[in-house]
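Q: Numbering-wise, the UniProt record's numbering puts 18 at position 18 of the sequence shown, and it's gapless, one number per residue.
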Amino acid sequence: MRSSDLAHLAGVTVRTLRHYHQLGLLDEPPRTTNGYREYSVHHLVRVLRIVRLASLGFRLGELAPMLDRDGKDTAEVLERLDDETAREIERLTERRALIAQLMAWNAAPDLPDAFAPHIALFAARLGDSTLARVDREQAILIGHLASPEVLDELAGLYARFSEPALLETSLTLTRRLADLDADAPDSVVEAIVADMVATYGDVIRALRDDEVSFDPRAVALLAEYSNDSLNDAQRRVVERVEAALDTASPA
Numbered sequence: 001m002r003s004s005d006l007a008h009l010a011g012v013t014v015r016t017l018r019h020y021h022q023l024g025l026l027d028e029p030p031r032t033t034n035g036y037r038e039y040s041v042h043h044l045v046r047v048l049r050i051v052r053l054a055s056l057g058f059r060l061g062e063l064a065p066m067l068d069r070d071g072k073d074t075a076e077v078l079e080r081l082d083d084e085t086a087r088e089i090e091r092l093t094e095r096r097a098l099i100a101q102l103m104a105w106n107a108a109p110d111l112p113d114a115f116a117p118h119i120a121l122f123a124a125r126l127g128d129s130t131l132a133r134v135d136r137e138q139a140i141l142i143g144h145l146a147s148p149e150v151l152d153e154l155a156g157l158y159a160r161f162s163e164p165a166l167l168e169t170s171l172t173l174t175r176r177l178a179d180l181d182a183d184a185p186d187s188v189v190e191a192i193v194a195d196m197v198a199t200y201g202d203v204i205r206a207l208r209d210d211e212v213s214f215d216p217r218a219v220a221l222l223a224e225y226s227n228d229s230l231n232d233a234q235r236r237v238v239e240r241v242e243a244a245l246d247t248a249s250p251a
């Protein structure tokens with residue numbers, strides 16, 4: 001039979017057969033005088049075995065010795081496969097739980113778990129603003145660059161800002177920062193700085209007092225992102241808030 005016949009009978013594609021040949025799972029058949037492969041029923045049996053083992057979860061790269069053993073060591077092989085399947089089920093169960101959480105939060109799937117509910121809450125209230133996008137993308141950077149300890153601390157920070165007592169004030173300050181023109185007068189910048197320090201100062205200083213270590217490269221990348229994403233006046237606000245917190249005594 002030709003390649004197309006074998007593929008049809010086995011429920012695979014001709015390309016799959018070529019892949020099996022490349023992996024050494026399927027021997028090359030003799031060729032006809034005009035160069036076509038001529039498969040036999042024995043090749044069909046081999047392909048059916050490959051398909052069956054692959055459907056159970058065995059990786060193609062580990063099939064050659066199994067096919068050559070003709071069913072020997074079955075118990076050991078199946079026990080190993082069962083262990084791998086159990087671990088995969090556990091991973092999938094955890095993934096489903098996370099997906100369910102993201103749906104409940106109405107959060108974007110690319111957000112870090114630690115920040116997802118809080119970023120989603122702010123995004124829902126702020127709409128499609130530039131700062132909502134900046135907040136989200138900074139969270140993605142932090143989620144990748146920060147240590148687990150830093151993530152825990154920052155997740156607590158986001159949670160505090162999402163509490164009813166701070167949420168409306170946080171949203172108002174974020175909107176004021178978002179609406180700030182690049183050439184805003186210094187008096188407007190200073191007013192926002194003062195309100196941010198008054199609102200966030202105790203929370204951020206408490207985070208700093210915990211002596212959480214921020215990786216210098218992560219800090220540099222976040223600063224680069226902030227500089228590229230904010231206008232001149234917005235950058236002045238951020239810089240002055242940081243400076244005020246650096247010089248202020250802990251509450």
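No residue lacks a Cβ here, since even glycine has one placed at the ideal position from N, Cα and C.
As the structure is a prediction and not an experimental result, all values here were calculated from the model.
1) Among 118, 215, 178, 9, which one has its Cα closest to the Cα of residue 162?
2) Check the C-beta distance from residue 169 over to residue 199 and give it rounded, since I have them as a contact under 8 Å.
3) May I ask you to report which of helix, strand or coil DSSP gives residue 227?
4) So, helix, strand or coil for residue 235, using DSSP?
5) How would you label residue 144, buried or exposed, when you count the other beta carbons within 10 angstroms and need 16 or more for buried?
6) Comparing alpha-carbon positions, which option in 13, 155, 244, 55 lies nearest residue 194?
7) Out of 171, 79, 81, which has the shortest C-alpha to C-alpha gap to residue 122?
8) Counting pairs of Cβ atoms below 8 Å between the region 105-116 and the region 151-167, do you hit three or more?
9) Does the separation of the CB atoms of residue 60 and residue 49 fall below 9 Å?
10) Do you know whose CA, among 28, 24, 100, 35, lies nearest residue 64's CA?
11) Does the beta-carbon distance from residue 46 to residue 38 come in below 9 Å?
12) Apart from the five residues just before and just after residue 226, which ones in its own chain have a Cβ nearer than 8 Å to its Cβ?
13) Judging by CA-CA distance, which residue of 247, 224, 130 is the nearest neighbour of residue 197?
14) Quick check: residue 183 and residue 107, are their CB atoms within less than 9 Å of each other?
15) Apply the 10 Å Cβ neighbour rule to residue 78 and answer buried if 16 or more other Cβ atoms are within range, or exposed otherwise.
A: In brief:
1) Out of 118, 215, 178, 9, 118 has the C-alpha closest to the C-alpha of residue 162.
2) 5 Å
3) helix
4) Helix, per DSSP.
5) exposed
6) Ranked by Cα distance from residue 194, the first of 13, 155, 244, 55 is 244.
7) 171
8) yes
9) Contact flag unset, no.
10) 24
11) For residue 46 and residue 38, no; Cβs fall outside 9 Å.
12) 134, 138, 235, 238
13) Ranked by how close their Cα comes to the Cα of residue 197, the residues 247, 224, 130 have 247 in first place.
14) no
15) exposed
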